[in-house]
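This note's numbering puts the first residue of the sequence shown at 1, with every later residue one more than the last. Presented below is the structure to which this report refers.
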Amino acid sequence: MSVDVADRRRLAAALLGSKAAPEPEQAVHRVARGEVIAASAHTLHLATPNGEERFLFAGTASFWRGGPAAPTELRPGDDVVLRHAAGGRWVAERVWARIARVTGIISARSGDSVEVDAGHDRPRVTVVIPYRVSGRMAVRHPVLEPGYLFDAVGMWRDGVVHAVRPATTQPPVPVGELRPRRPDGERGPRVSGTVSWYDPAGGDPTAEEAHLAGAAYPALDPASDCGCAPVRGCLPLPLMSIGMTLRLRNDDTGDNGVVPIVACGSTLAHFCDRCAAGDTGQSGRLARLTLLSFVALGGDPDAGCCNATMATG
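Below, the structure is given as structure tokens:
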């Protein structure tokens, strides 16, 4: 079953909400995305699909722009994603500017940059690893050569992703030598693991998919979706199809939500890791949420992941 952008947007009419599976009208107010028009110490003026919108900052608001930042460091034209404070549609609690994420398999290396294959339905991305973060990257990604896994949070600069920090610890062998660690056994009604995120718009808040809600799932029906047999990963995930829904709980915050599957996430099955923010007791990734869905579920994109439980019944 092929799903074009229009179909995905219809499937993803509702963003994730808090504490329950909300109606679309309620969920859409959890997050906002747009281009910065102006920013001050107390307000943020954005160009969004709803027009020009102005947001106040909560007293405990935090900001990220390649790292912790002040609101006055936001610049006109910056792509911004924000999560609203509880009960405050126009009050921002967390703000991320120009944030990027690249996950996949290294396909080439040249100097201080690598090319990453993010999956069959995603374009290859070039990531620059600045000298100032190269030591930090090397600790958890010691081999930046073709065939090895790569996962980093970064920042968009002039259309190129500049790595800021590794989002996981790289396995010590290339993908072709990885061995699945999931034992065979009967699947239970719930599966715990981690959830990561990706930006289907590639850092462009004006792109058609910038506000897409949903998830890329690693165990799709090979006959209709990914076009190949799913990779045997670390988690006992049931086969599903694009258009079906995932019911997820953020185990770190207690937020719950339901999202449609909108893309293939077969690359995720190679990552048998845990979220550094906690320990669920299980290694492996359940899904990769779109950026807005991840933020709406209570995740912090700069952290890269959250611990989660998926109901499979």
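Even glycine gets a Cβ: it sits at the ideal position worked out from N, Cα and C.
Leu239, buried or exposed, once every other Cβ within 10 Å from all chains shown has been counted against 16: exposed
Residue environment, Gly304, which counts as buried when at least 16 other CB atoms sit within 10 Å: buried
Runs of beta strand (DSSP E) wholly within the stretch 115–166 (minimum 3 residues, chain order): 125–128, 149–157 and 160–166
8 Å contact criterion, which Val258 and Gly214 should meet: CB distance rounded: In fact, because the Cβ distance is near 10 Å, the residues do not count as touching under 8 Å.
Residue ranges of each beta strand (DSSP E) within the stretch 23–59, 3 or longer: 31–39 and 43–48
Where the beta strand (DSSP E) containing Ala100 begins and where it ends: Note, Ala100: beta strand (DSSP E), Ile99 to Ser110.
For Glu208, three-class secondary structure by DSSP: coil
According to DSSP, residues forming a beta bridge with Leu84: Just to set this straight, residue 84 is His in the shown sequence, not Leu. Answer is Ala92.
Whole-angstrom distance between Leu291 and Thr309, CA atom to CA atom: 18 Å
Backbone CA spacing between Leu297 and Leu289 [nearest angstrom]: 9 Å
Backbone CA spacing between Gly66 and Met155 [nearest angstrom]: 6 Å
Nearest residue (CA-CA) to Ile105, options Ala269, Asn307 and Val31: Ala269
Cβ-based burial, Tyr131 [other Cβ within 10 Å; buried from 16]: exposed
Nearest-angstrom beta carbon gap, Ala85 and Glu93 [assumed within contact, 8 Å]: 4 Å
Reduced DSSP category for Ala61 - H, G, I as helix; E, B as strand; rest coil: strand
First through last residue of the beta strand (DSSP E) which encompasses Ala216: Secondary structure note for Ala216: its beta strand (DSSP E) is the uninterrupted segment Ala215 to Tyr217.
Through-space distance from Ala70 to His42, alpha-carbon basis: 10 Å
Cβ contact (3+ pairs, closer than 8 Å) linking the stretch 45–59 and the stretch 88–102: yes
Exposure of Asn256, with buried meaning 16 or more beta-carbon neighbours within 10 Å: buried
Euclidean distance between Cα positions of Asp158 and Cys306: 29 Å
CA nearest to the CA of Val80, picked from Glu35, Asp112, Met137 and Asp300: Glu35
Three-way DSSP call (helix, strand, coil) for Gly265 in this model: Residue state, collapsed to three classes: coil.
For Ser266 and Arg122, the rounded distance between their alpha carbons: 11 Å
Simplified DSSP state of Pro71, which is helix, strand or coil: helix
Best match in Ala311, Ile37 and Ala32 for proximity to Gly193 [C-alpha to C-alpha]: Ala311
Residue range of the alpha helix (DSSP H) that includes Val191: Note, Val191: premise wrong, no alpha helix (DSSP H); beta strand (DSSP E) at Arg190 to Tyr198.
Check whether Thr126 and Ser196 have beta carbons under 8 Å apart: Not a contact, by the Cβ cut-off of 8 Å.
DSSP bridge partner residues for Pro260 (one or two, in chain order): Thr245
Asp199 versus Pro76, Pro49, Ala97 and Cys226, residue with shortest Cα-Cα distance: Ala97
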